[in-house]
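**Q** Structure provided below as structure tokens; questions to follow.
Protein chains: 2
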Amino acid sequence: MDMKVKEVAELVGVSIRTLHHYDQIGLLTPKEITDSGYRLYSEENLETLQQILFFKELGFTLKEIKKIINSPLFNRQEALILQRKMLIEKRKKVDKMIETIDKTIKHMAGEIQMTNEERFEGINVGFNQFEEEARRRWGNQSIDEINAKLKGMSKDEQNDLSDRWDMIFNKLACLRNQSPESQEVQATIKQWYDFLNENFSKYSLDAFYGLGQLYINDERFTKNIDQYGEGLAKLMSEAMEVFTNNQIRGGSNENNN
Amino acid sequence: MDMKVKEVAELVGVSIRTLHHYDQIGLLTPKEITDSGYRLYSEENLETLQQILFFKELGFTLKEIKKIINSPLFNRQEALILQRKMLIEKRKKVDKMIETIDKTIKHMAGEIQMTNEERFEGINVGFNQFEEEARRRWGNQSIDEINAKLKGMSKDEQNDLSDRWDMIFNKLACLRNQSPESQEVQATIKQWYDFLNENFSKYSLDAFYGLGQLYINDERFTKNIDQYGEGLAKLMSEAMEVFTNNQIRGGSNENNN
DNA sequence: ATAGAGTATTACGTTACGTTAGAGTCAATA
DNA sequence: TATTGACTCTAACGTAACGTAATACTCTAT
Numbered sequence: 001m002d003m004k005v006k007e008v009a010e011l012v013g014v015s016i017r018t019l020h021h022y023d024q025i026g027l028l029t030p031k032e033i034t035d036s037g038y039r040l041y042s043e044e045n046l047e048t049l050q051q052i053l054f055f056k057e058l059g060f061t062l063k064e065i066k067k068i069i070n071s072p073l074f075n076r077q078e079a080l081i082l083q084r085k086m087l088i089e090k091r092k093k094v095d096k097m098i099e100t101i102d103k104t105i106k107h108m109a110g111e112i113q114m115t116n117e118e119r120f121e122g123i124n125v126g127f128n129q130f131e132e133e134a135r136r137r138w139g140n141q142s143i144d145e146i147n148a149k150l151k152g153m154s155k156d157e158q159n160d161l162s163d164r165w166d167m168i169f170n171k172l173a174c175l176r177n178q179s180p181e182s183q184e185v186q187a188t189i190k191q192w193y194d195f196l197n198e199n200f201s202k203y204s205l206d207a208f209y210g211l212g213q214l215y216i217n218d219e220r221f222t223k224n225i226d227q228y229g230e231g232l233a234k235l236m237s238e239a240m241e242v243f244t245n246n247q248i249r250g251g252s253n254e255n256n257n
Numbered sequence: 001m002d003m004k005v006k007e008v009a010e011l012v013g014v015s016i017r018t019l020h021h022y023d024q025i026g027l028l029t030p031k032e033i034t035d036s037g038y039r040l041y042s043e044e045n046l047e048t049l050q051q052i053l054f055f056k057e058l059g060f061t062l063k064e065i066k067k068i069i070n071s072p073l074f075n076r077q078e079a080l081i082l083q084r085k086m087l088i089e090k091r092k093k094v095d096k097m098i099e100t101i102d103k104t105i106k107h108m109a110g111e112i113q114m115t116n117e118e119r120f121e122g123i124n125v126g127f128n129q130f131e132e133e134a135r136r137r138w139g140n141q142s143i144d145e146i147n148a149k150l151k152g153m154s155k156d157e158q159n160d161l162s163d164r165w166d167m168i169f170n171k172l173a174c175l176r177n178q179s180p181e182s183q184e185v186q187a188t189i190k191q192w193y194d195f196l197n198e199n200f201s202k203y204s205l206d207a208f209y210g211l212g213q214l215y216i217n218d219e220r221f222t223k224n225i226d227q228y229g230e231g232l233a234k235l236m237s238e239a240m241e242v243f244t245n246n247q248i249r250g251g252s253n254e255n256n257n
């Protein structure tokens, strides 16, 4: 099932060096390394690679891509949907360029006039709203950034933050036996949501949902969170899902029994 | 009418540094330089820049682009038409990628199966027939036999050689409609003969004749040479035959009408 | 057991600019 | 007229994402 470099390279159409490189910079680490040092890539590695190549095609740097796919907020499905949007934008851009070429040809034939702005339409649109969206969505939100934020704060401020963080988690840990939909849990989850928005960059509801998913999908998070109490990660992710659903279905008028 | 760097940069959406760079490498030299050393770009410069950006968008390197737009064979309208074709191919590629994303999303939802090949469709098509066509049409090609020789030379020497080589072939390609005996063709063939003798092992006239025959008998040569222009191999081999005959029959007294 | 195809690491090369740094230029204004 | 602020220049080092050897180990098939 596992594949060696050459196989992968030929399958996806990149060079072996590229795979080595991605490994070197920690962008795509093969799931396994044999005793003799051979890289073995898994199915999951291929999926990640697919993501990487999509983002690359859309003009992101490897560093950005690394941040994106390592981000606590990263959600594969969401990424795919955004990529789809971006590709449609790209197609529009290509259409614009074709149009510009057609105009230029006509212009050369003396059929029409062209302004200088017109002749660069499509070429200069240096990437659109969705790229922005993606950067906002995952780019800024890396762990490094949180750390950086912490660095810029005084000891007291840090402690304060850390205390409030702790409080919320401890509170939730106490509520582990309750259902994710319960009033108390939901109230605390709201505190968590507000806390994040207050202290870090804006979390959209989508992002918040994605974060919750991460808590059960990314082992690093699960482990960390479950230190507050066995099963807390699971509870939180479920509660966060309920929370986002309720919010989306219109303010807070809905029942959370 | 003439524009300074910043104006151009803002109009077309590239950095000032990019314009400096293009000037440095001789890709886009501003039409005029003021006494104080300011670059002034003309209308024509803008047109060239448009071409450059189109080719860049289509994945050509600056070196390739330079060769293309400096080539004696270069024709702006022809280029635009080819670029149009390439853009349409690119749109197809984008469509394919969108399709792949849709499939992937469905796949994740468990609705459909996907092969590994499928999941990389659109991403890996490393650029199509038209790129090939463009490279054949204007670009240079690799001559493996010569590479060994080139290895022993410095980079500058290599480039110099390659440029002269290119010049000769391009010149001949322009003369394709003339007869092999014509003055111009024969003069250029002499340049070719001298060039070979100067830079590679001594070509006796017999050897030169043999080389000419090779151009039509060995498909690899024919293909390579015809990249400069359809039928060039045939013309050259005929012209080389005429050349050797003339040389052997004593100096240059014979007619070459 | 030996060749041939594949793989690894190391390290320098390359492309297309980005990014200062230091200094001159130009037009409007005080 | 002097000054200021936006603009320009060259020079030179920095960076990203690999390419391209060079050298050495590994695996498999004969």
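Which chain is which? The protein sequence lines are D and A, in order.
Residue 1 is where the first sequence starts when you use the UniProt record's numbering, and the numbers rise one by one after that.
Residue 1 is where the second sequence starts when you use the UniProt record's numbering, and the numbers rise one by one after that.
Even glycine gets a Cβ: it sits at the ideal position worked out from N, Cα and C.
From a predicted model like this one, the values you see are computed outputs, not experimental measurements.
#1: Please state the DSSP three-state secondary structure of Met114 (chain D).
#2: What's the call for Ala109 (chain D), buried or exposed, on a 16-neighbour Cβ count within 10 Å?
#3: If you compare alpha carbons, which of A:Ala173, A:Gln191, A:Glu184 and A:Asn177 is closest to Arg164 (chain A)?
#4: Which first and last residues belong to the alpha helix (DSSP H) in which Glu235 (chain D) is found?
#5: Excluding the five sequence neighbours on either side, which residues of its own chain have a C-beta within less than 6 angstroms of the C-beta of Gln83 (chain D), listed in chain order?
#6: What does the alpha-carbon distance come out to for the pair Ile101 (chain D) and Met3 (chain A)?
#7: Sort out for me which residues DSSP pairs Tyr41 (chain A) with in a bridge.
#8: Taking 8 angstroms as the CB-CB limit, is Ile101 (chain A) close to chain D?
#9: Mark Gly59 (chain D) as exposed unless 16 or more other C-beta atoms lie within 10 angstroms of its C-beta, in which case mark it buried.
#10: Any Cβ of chain A within less than 8 angstroms of the Cβ of Thr104 (chain D)?
#11: Give the secondary structure of Met153 (chain D) by DSSP, where H, G and I count as helix, E and B as strand, and everything else as coil.
#12: Quick one: is Gln77 (chain A) buried, meaning 16 or more other Cβ sit within 10 Å of its Cβ, or exposed?
#13: Taking Cβ-Cβ distances below 8 angstroms as the criterion, which residues of the region 70-96 of chain D are in contact with chain A?
#14: So Ile98 (chain A) contacts chain D; which residues on that side make the cut at Cβ distance below 8 angstroms?
#15: Going by beta carbon distance, what residues of the same chain come within less than 8 angstroms of Val12 (chain A), once the five residues before and after it are set aside?
#16: DSSP beta-bridge partners for Glu32 (chain D)?
#17: Please report the distance separating the alpha-carbon of Gly26 (chain D) from that of Glu43 (chain D).
#18: For Gln50 (chain A) and chain D, any beta-carbon pair shorter than 8 angstroms?
#19: Assign Met236 (chain D) to buried or exposed, taking buried as 16 or more other Cβ atoms, counted over all protein chains shown, within 10 Å of its Cβ.
#20: Which bits of chain D does Glu117 (chain A) rub up against, with CB to CB less than 9 angstroms?
#21: Do you know offhand how far Met1 (chain A)'s Cα is from Tyr41 (chain A)'s?
#22: Counting along the chain, where does the alpha helix (DSSP H) carrying Thr61 (chain A) start and finish?
#23: Starting from Glu99 (chain A) and walking both ways along the alpha helix (DSSP H), at which residues does that stretch end?
#24: In three-state DSSP terms, what is Val8 (chain D)?
#25: Starting from Ser227 (chain A), trace the alpha helix (DSSP H) both ways and give me its first and last residue.
#26: For chain A, find out if any of its Cβ atoms is closer than 8 angstroms to the Cβ of Met108 (chain D); answer yes or no.
#27: Looking at chain A, is there any beta carbon in it that lies within less than 8 angstroms of the beta carbon of Leu46 (chain D)?
#28: Could you give the distance in angstroms between the alpha-carbon of Val8 (chain D) and the alpha-carbon of Val14 (chain D)?
#29: Along the chain, where does the alpha helix (DSSP H) that runs through Ile25 (chain D) open and close?
**A** Reading off the structure:
#1: coil
#2: exposed
#3: A:Gln191
#4: The amino acid occupying residue 235 (chain D) in the given sequence is Leu; Glu does not appear at that position. Start and end: Leu232 to Ile248.
#5: Phe54
#6: 23 angstroms
#7: A:Met3
#8: yes
#9: exposed
#10: yes
#11: Residue placement at Met153 (chain D) cannot be trusted, given a pLDDT of 49 that sits under 50; what the coordinates show is reported in the next sentence. If DSSP states are grouped into helix, strand and coil, Met153 (chain D) belongs with coil.
#12: exposed
#13: Arg76, Gln77, Leu80, Ile81, Gln83, Arg84, Leu87, Ile88, Lys90, Arg91, Val94 and Asp95
#14: Arg84, Leu87, Ile88 and Arg91
#15: Leu46, Leu49, Gln50 and Leu53
#16: D:Leu40
#17: 18 angstroms
#18: yes
#19: buried
#20: Leu11
#21: 9 angstroms
#22: Segment: none, Thr61 (chain A) is in no alpha helix (DSSP H) and carries neither H nor E.
#23: Arg76 to Met108
#24: helix
#25: In the sequence under discussion, the amino acid at residue 227 (chain A) is Gln, which differs from the Ser named in the question. No alpha helix (DSSP H) holds Gln227 (chain A); DSSP gives it neither H nor E.
#26: yes
#27: yes
#28: 8 angstroms
#29: Counting along the chain, Ile25 (chain D) falls outside any alpha helix (DSSP H), and DSSP gives it neither H nor E.
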